[in-house]
Structure formats: structure tokens, C-alpha cells
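> First the structure, then my questions, so here it is.
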Amino acid sequence: MDPEFPADDEDGAPGAEFDALKQFHPAGRGPWADVADRDWNDWRWQLKHRVSTVEQLERLLPTLTAEERAGAILAGESKLAVGITPHFFNLIDPSDEFCPIRWQVIPRLEETARAPWEMSDPCGEDTHSPVAGLVHRYPDRVLFLVTDRCASYCRYCTRSRLVSNASGYDFHPEFDRQIAYIASHPEIRDVLLSGGDPLLFNDEKLGNLLGRLRAIPHIEFLRIGTRIPIFLPQRITPELCAMLRQFHPLFVSIHSNHPRELTTEVRDALGRLADAGIPLGNQSVLLRHVNDDPGVMKAHMQKLLMCRTRPYYLYQCDLIAGSSHLRASVKKGLQIMESLRGHTTGYAVPQYVIDAPGGGGKVPINPEYVLAKQSDRVVIRNFEGRVFEYPDNGTPTEVRTSAIHFSEFGKD
Ligand code: SF4
1 MDPEFPADDE DGAPGAEFDA LKQFHPAGRG PWADVADRDW NDWRWQLKHR VSTVEQLERL
61 LPTLTAEERA GAILAGESKL AVGITPHFFN LIDPSDEFCP IRWQVIPRLE ETARAPWEMS
121 DPCGEDTHSP VAGLVHRYPD RVLFLVTDRC ASYCRYCTRS RLVSNASGYD FHPEFDRQIA
181 YIASHPEIRD VLLSGGDPLL FNDEKLGNLL GRLRAIPHIE FLRIGTRIPI FLPQRITPEL
241 CAMLRQFHPL FVSIHSNHPR ELTTEVRDAL GRLADAGIPL GNQSVLLRHV NDDPGVMKAH
301 MQKLLMCRTR PYYLYQCDLI AGSSHLRASV KKGLQIMESL RGHTTGYAVP QYVIDAPGGG
361 GKVPINPEYV LAKQSDRVVI RNFEGRVFEY PDNGTPTEVR TSAIHFSEFG KD
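Put into C-alpha cells, the structure is as follows:
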């Protein structure tokens with residue numbers, strides 16, 4: 001076998017470590033052991049008690065490093081805010097400086113380093129914004145940025161120019177102007193609500209917004225992009241689910257990066273959304289120290305399916321300013337995709353994409369499976385590295401079978 005193509009036992013699976021990653025555990029109470037159940041399970045209590053200051057970090061995480069302390073001071077002064085729900089904070093392993101949860105939400109001094117190719121608006125959203133808070137990049141759909149607040153703040157956020165008012169962006173979306181734009185553009189059939197996190201709105205406000213969009217005849221499809229089920233699963237109440245189900249077809253895209261994020265609380269919250277008839281997809285960002293490992297990624301994808309959530313996109317980390325320390329290489333991303341395709345359920349394989357810098361949109365990136373294209377045939381390889389020829393003119397002329405095999409595999 002070509003060593004370029006990993007065998008199942010070389011790509012991180014299976015094994016005790018892999019199996020452990022797929023286990024579901026509660027987040028636990030950690031330093032909040034004395035908090036009453038009623039408070040702990042109340043999403044507003046979780047938001048009110050977010051970890052957001054250097055002093056809290058020093059007290060709750062005695063192993064805070066000098067780089068993290070400096071990053072937290074900087075964030076408190078001028079950058080993307082620190083904000084970590086108690087639920088998510090409890091997933092940090094204090095004994096591990098390279099804990100994958102820690103690297104996502106605790107700022108580091110490295111955020112001050114800005115590579116020449118990094119930008120504050122790497123996806124060029126501002127240049128495709130006909131109305132403040134609305135991005136019309138693709139022909140038939142819009143991105144509706146409804147808030148600049150999140151339950152917790154990710155250090156690699158593509159919209160770190162905007163969320164938590166990090167750069168004095170003064171984000172005050174005027175829903176009337178945005179909805180008027182959508183209503184006056186009949187080519188728009190799909191609206192993605194994002195931000196910030198739309199599920200931070202209370203049920204009434206979010207229901208009102210969804211109702212106004214649903215009333216526009218040419219809107220076929222609504223989507224919500226959210227990390228709330230991961231950061232704040234307590235927000236996914238039966239009342240929220242009952243409200244959301246009035247607006248079908250409505251899809252929800254969550255954002256999770258590591259199997260440890262998929263706790264029992266998260267699995268149950270996603271189950272409530274799925275029971276409300278909401279199709280669930282997941283978007284992950286490829287991050288150094290977090291999930292740039294084939295075994296971790298495979299465990300995460302498989303665990304998402306157990307949470308009734310289909311892996312949707314794996315993003316190459318955008319060129320957001322100050323994110324170099326978190327960015328894994330495209331080569332690593334391709335290696336991970338190679339380790340998934342064919343080696344696990346097709347539903348567990350996301351599409352790896354690069355959001356083209358400056359506003360080019362999502363470009364799919366795949367390992368090369370087509371080895372040659374000729375006028376009458378294509379030569380392809382499978383996940384094991386075996387080479388096959390497929391006649392492509394409807395009348396196969398010469399099929400060489402000595403060194404080339406037709407696939408004996410069924411489609412999955
Ligand atoms: S939840 Fe989304 S919008 Fe909010 S900080 Fe994280 S990546 Fe950015």
C-alpha cells in the first residue's frame with residue numbers, strides 16, 4: 001500500500017483514546033459546586049456568571065500562564081472580550097496547557113502578532129454589505145447579522161472586528177432596513193441569521209424576527225448559525241424549540257470543534273432541536289492545538305452523528321488578525337480529509353473549505369482523487385490508494401484491467 005494513504009489503525013482510530021473521546025460526560029459544576037440546580041440550569045444565570053476578567057481567570061484557573069494572563073489583560077483593554085460560560089469553562093483541563101478547550105476561549109499574548117496577510121475582515125463581508133448588518137455575497141441568499149453578542153467569545157472569530165464591540169464597531173442593526181432590502185430582492189430565497197449569536201435573543205424577539213422574514217413570500221428557507229447549543233445548552237428550552245418549529249423549513253448550523261464539547265447537556269439540547277423537526281448541521285474550524293489531528297477529528301465527526309447533527313463544513317481558519325498561533329496548515333486539513341473519506345460513514349465527512357480571502361466565497365478543497373481526465377475516461381483512486389479507470393463517453397472502448405480495477409465497492 002502507498003504509505004501516503006493511511007490504514008485504519010494509523011489514522012487515530014480505533015483505540016482507547018479514541019473511544020474515550022466519544023464518551024459523553026456532563027460538564028460538571030467545578031468551582032460552582034454550591035450553585036443550586038435551578039440557577040445552574042438557567043441560561044440567564046449562566047450568562048450573568050460568565051468568566052470575563054483577569055481576576056476571575058486567575059482565581060478559577062490557577063495554572064493560567066504568563067501568555068494567557070497578558071492576553072486577557074489586552075482583551076480587557078481593547079480587543080475581543082473574554083467571556084466564557086461556567087458550563088464551557090468546566091470543560092477546560094487546568095492541568096493541560098494545551099487543552100483544546102482552553103485554546104479556543106482564553107486569550108493569549110500571540111493575538112498581538114499580526115502577519116502581513118491577516119485582516120480584520122478576512123471574508124470581505126463589509127464590502128458586500130448593501131445595508132448595515134446584511135451581507136449579500138451569493139446570488140440567492142443573505143447573511144443577516146442580528147447581534148454582536150455571543151455567549152462566549154472564540155479567539156479566532158472571523159467577526160472579531162464586530163462581536164463584543166471589539167473595535168468600537170458600533171453595531172446597531174436596523175431590522176426595518178434589512179428586512180426591507182430582503183423584501184425588495186425577490187432573488188433572495190434563503191436567509192441565514194447569525195452575528196454574534198441569534199439565540200441570545202429572548203423567544204419573543206427572535207420569534208418576531210423570524211415571523212417577519214417568514215411573511216416575505218419569496219423566502220423559502222431560514223437558517224440560524226449558532227454556538228449557543230455548545231456554550232449554553234441551557235438556552236435550548238422546550239419553549240424555544242416550540243417557537244422555532246413554527247417557522248419551518250428552518251435549519252440550524254451549530255459550531256463545535258472538539259469531541260469534548262459534546263457533553264451530555266449538549267447532546268440533550270441538540271436532541272430537543274431535532275425533536276422539533278430542525279435539521280442540524282455542524283461547522284468546525286480547523287485549529288492548531290484543538291482538532292488538527294485525524295483521530296480527534298474522526299471522533300468528533302462520529303460523535304456529532306450520535307448527537308443527530310450532520311458534519312457540514314470544516315473551515316480552514318480565516319486570515320483573521322492575530323490568529324497565526326491557532327492556524328493549522330492546509331496540508332494538515334487535506335491529511336485529515338484523507339483520513340475521513342472512505343474510512344468512516346459518508347455522513348461523517350464534512351466539506352473542507354477555504355473562505356477565499358477578501359470575499360471570494362467558500363471554495364471546496366479536496367484531496368485529489370481524480371488522477372487523470374482524458375476524452376474518453378477518467379482515472380481515479382479510492383481511499384486505499386487503489387487506482388481505477390472509469391470510461392466516460394458512454395461507449396467504453398478499451399478497458400485496461402491488468403493494472404486497473406473497477407470498483408467493487410458499493411456507494412455509501
Ligand atoms: S460564537 Fe461565532 S460569532 Fe461568536 S465569537 Fe465564536 S465564532 Fe465568533
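Numbering (this note's numbering), first residue to last: 1 to 412. Glycine included, C-beta positions come from ideal geometry on N, C-alpha and C. This structure is a prediction, so every number in the text was calculated from the model and none was measured.
Which class does Lys332 belong to by DSSP, given the choice of helix, strand or coil?
Counted from its first residue, the sequence shown places residue 332 at position 332. Three-state result, Lys332: helix.
> Does DSSP classify Glu408 as helix, strand or coil?
Taking the sequence shown and counting its residues from 1, the one referred to as residue 408 is at position 408. Any reading at Glu408 is ruled out, since the residue's pLDDT is 42, under 50, leaving its predicted position unreliable.
> Pairing CB atoms from the segment 266–273 with CB atoms from the segment 237–254, are three or more of them under 8 Å?
With a cut-off of 8 Å, the segment 237–254 and the segment 266–273 count as touching, because enough Cβ pairs lie within range.
> Looking at Glu55: is its Cβ nearer than 8 Å to the Cβ of Ile106?
For the purposes of this step, residue 55 is taken as the residue at position 55 of the sequence shown. For the purposes of this step, residue 106 is taken as the residue at position 106 of the sequence shown. Contact flag unset, no.
> Do you know offhand how far Leu371's Cα is from Phe383's?
The residue you call residue 371 lines up with position 371 of the sequence shown. The residue you call residue 383 lines up with position 383 of the sequence shown. Taking the straight line joining both Cα atoms gives about 13 Å.
> State the CB to CB distance for the pair Asn366 and Tyr347, rounded to an integer number of angstroms; the pair is presumed to be in contact (CB under 8 Å).
Counting from one through the sequence shown, the residue named residue 366 turns up at place 366. Counting from one through the sequence shown, the residue named residue 347 turns up at place 347. Their Cβ separation, rounded to whole angstroms, is 17 Å, which puts Asn366 and Tyr347 out of contact at 8 Å.
> Give a yes or no on contact between the segment 30–42 and the segment 68–77, applying the rule of three or more CB pairs nearer than 8 Å.
These segments do not touch.
> Could you check whether the Cβ of Asp392 sits closer than 7 Å to any heavy atom belonging to ligand 1?
Locating residue 392 in the sequence shown gives position 392, counting from the first residue. No, the Cβ of Asp392 stays beyond 7 Å of every heavy atom of ligand 1.
> Is Pro364 closer than 8 Å to His300 when the C-beta atoms are compared?
What you label residue 300 is simply residue 300 of the sequence shown in a count that begins at 1. What you label residue 364 is simply residue 364 of the sequence shown in a count that begins at 1. Result no, Cβ atoms of His300 and Pro364 do not sit closer than 8 Å.
> Which residues does DSSP pair with Phe144 in a beta bridge?
Residue numbering aside, residue 144 sits at position 144 when the sequence shown is read from its first letter. Looking at the DSSP assignment, Phe144 forms a beta bridge with Leu134 and Leu193.
> Do you know how far the Cα of Glu174 is from the Cα of Phe247?
One-based indexing of the sequence shown puts residue 247 at position 247. One-based indexing of the sequence shown puts residue 174 at position 174. Their Cα atoms are separated by approximately 22 Å.
> What is the DSSP secondary structure of Asp392, reduced to helix, strand or coil?
Locating residue 392 in the sequence shown gives position 392, where the first residue counts as 1. Note: Asp392 maps to coil in three-state DSSP.
> Measuring CB to CB, does Arg141 end up less than 8 Å from Leu57?
Stepping through the sequence shown from its first residue, residue 141 is reached at position 141. Stepping through the sequence shown from its first residue, residue 57 is reached at position 57. Contact flag unset, no.
> Could you give the residue range of the alpha helix (DSSP H) that holds Ala276?
For the purposes of this step, residue 276 is taken as residue 276 along the sequence shown, with counting starting at 1. First-last for Ala276: undefined, no H or E at that position.
> Cβ atoms of Ser194 and Leu143: under 8 Å apart, would you say?
What you label residue 143 is simply residue 143 of the sequence shown in a count that begins at 1. What you label residue 194 is simply residue 194 of the sequence shown in a count that begins at 1. A contact, by the Cβ cut-off of 8 Å.
> Determine the extent of the alpha helix (DSSP H) in which Lys205 is found, giving its start and end residues.
For the purposes of this step, residue 205 is identified with residue 205 of the sequence shown, where counting begins at 1. Element bounds for Lys205: Asp203 to Arg214.
> What is the rounded straight-line gap between the Cα of Leu209 and the Cα of Thr226?
Position 209 of the sequence shown, counted from the start, is the residue given in the question as residue 209. Position 226 of the sequence shown, counted from the start, is the residue given in the question as residue 226. Going by the C-alpha atoms only, they are around 16 Å apart.
> Under 8 Å Cβ to Cβ from Arg245, same chain only, skipping five residues before and after it: list those, please.
Numbered from its first residue, the sequence shown carries residue 245 at position 245. Closer than 8 Å at the Cβ level, and outside the excluded window around Arg245, lie Ala276, Gly277 and Ile278.
> Do Tyr313 and ligand 1 come close, with the Cβ less than 7 Å from some heavy atom?
Counted from its first residue, the sequence shown places residue 313 at position 313. For ligand 1, not one heavy atom lies less than 7 Å from the Cβ of Tyr313.
> Comparing C-alpha positions only, which one of Lys22, Phe24 and Ser184 sits nearest to Ile219?
As a first step, residue 219 is located in the sequence shown; it is residue number 219 there, counting from the start. Selected option, being the one with the closest Cα: Ser184.
> Taking Gly295 as part of the alpha helix (DSSP H), name the residues at either end of that continuous run.
Numbered from 1 along the sequence shown, position 295 holds the residue referred to as residue 295. Pro294 to Met306 is the span of the alpha helix (DSSP H), which, as asked, contains Gly295.
> In the DSSP assignment, find the unbroken alpha helix (DSSP H) run with His87 in it and report its ends.
Numbered from its first residue, the sequence shown carries residue 87 at position 87. Looking at the DSSP string, the run of the alpha helix (DSSP H) that includes His87 is Pro86 to Phe89.
> Could you check what DSSP says for Asp355 in three-state terms: helix, strand or coil?
As a working note, residue 355 is residue 355 in the sequence shown. Three-state result, Asp355: strand.
> What do you reckon, is the C-beta of Arg126 under 7 Å from a heavy atom of ligand 1?
Residue mapping note: residue 126 aligns to position 126 of the sequence shown, counting from 1. Looking at the sequence itself, residue 126 is Asp, so the reference to Arg does not match. Every heavy atom of ligand 1 is 7 Å or more from the Cβ of Asp126, so no.
> Restricting to runs no shorter than 4 residues, where is the alpha helix (DSSP H) found entirely within the segment 218–273?
228–231 and 238–244, all fully within the segment 218–273.
> In the DSSP assignment, the beta strand (DSSP E) including Gln316 goes from what residue to what residue?
Sequence index remark: in the sequence shown, residue 316 carries index 316 (1-based). Run containing Gln316: Arg310 to Gln316, per the beta strand (DSSP E) assignment.
> How close, in whole Å, do the beta carbons of Ser164 and Ala242 come, if the pair is a contact with beta carbons under 8 Å?
Taking the sequence shown and counting its residues from 1, the one referred to as residue 164 is at position 164. Taking the sequence shown and counting its residues from 1, the one referred to as residue 242 is at position 242. Going by Cβ atoms, the distance from Ser164 to Ala242 rounds to 30 Å, so no, they are not a contact pair.
> Given 7 Å as the limit, tell me if His172 has its C-beta closer than that to any heavy atom belonging to ligand 1.
As a working note, residue 172 is residue 172 in the sequence shown. No, ligand 1 has no heavy atom inside 7 Å of this Cβ.
> Per DSSP, what kind of secondary structure is Gly361 in: helix, strand or coil?
Here the question's residue 361 lines up with position 361 in the sequence shown. Reduced to three states, the DSSP call for Gly361 is strand.
> Leu213 and Ile179 - do their beta-carbons sit closer together than 8 Å?
Taking the sequence shown and counting its residues from 1, one reaches residue 179 at position 179. Taking the sequence shown and counting its residues from 1, one reaches residue 213 at position 213. For Ile179 and Leu213, yes; Cβs fall inside 8 Å.
> Using DSSP with H/G/I as helix, E/B as strand and the rest coil, what is Val399?
Position 399 of the sequence shown, counted from the first residue, corresponds to residue 399. Caution is warranted here: a pLDDT of 47 is assigned to Val399, below 50, making its placement in the model unreliable, and the coordinate value is therefore given only provisionally. In the structure shown, Val399 sits in coil (DSSP, three-state: anything other than H, G, I, E or B).
> When the Cα atoms are used, what is the spatial distance from Arg386 to Gly333?
To locate residue 386, count along the sequence shown from 1; it is residue 386. To locate residue 333, count along the sequence shown from 1; it is residue 333. Roughly 22 Å separates the two Cα atoms.
> Beta-carbon within less than 6 Å of Leu103's beta-carbon, same chain only, minus the 5 sequence neighbours each way: which residues are those?
Taking the sequence shown and counting its residues from 1, the one referred to as residue 103 is at position 103. Reading off the sequence, residue 103 comes out as Trp, not Leu. Hits under 6 Å: His289 and Val290.
> If we call anything under 8 Å between Cβ atoms a contact, is Asp355 one with Cys123?
Taking the first residue of the sequence shown as position 1, residue 355 is located at position 355. Taking the first residue of the sequence shown as position 1, residue 123 is located at position 123. In contact: Asp355 and Cys123 (Cβ atoms closer than 8 Å).
> Is the CB-CB distance between Glu110 and Thr65 below 8 Å?
Here the question's residue 110 lines up with position 110 in the sequence shown. Here the question's residue 65 lines up with position 65 in the sequence shown. The answer is no: Cβ separation not under 8 Å.
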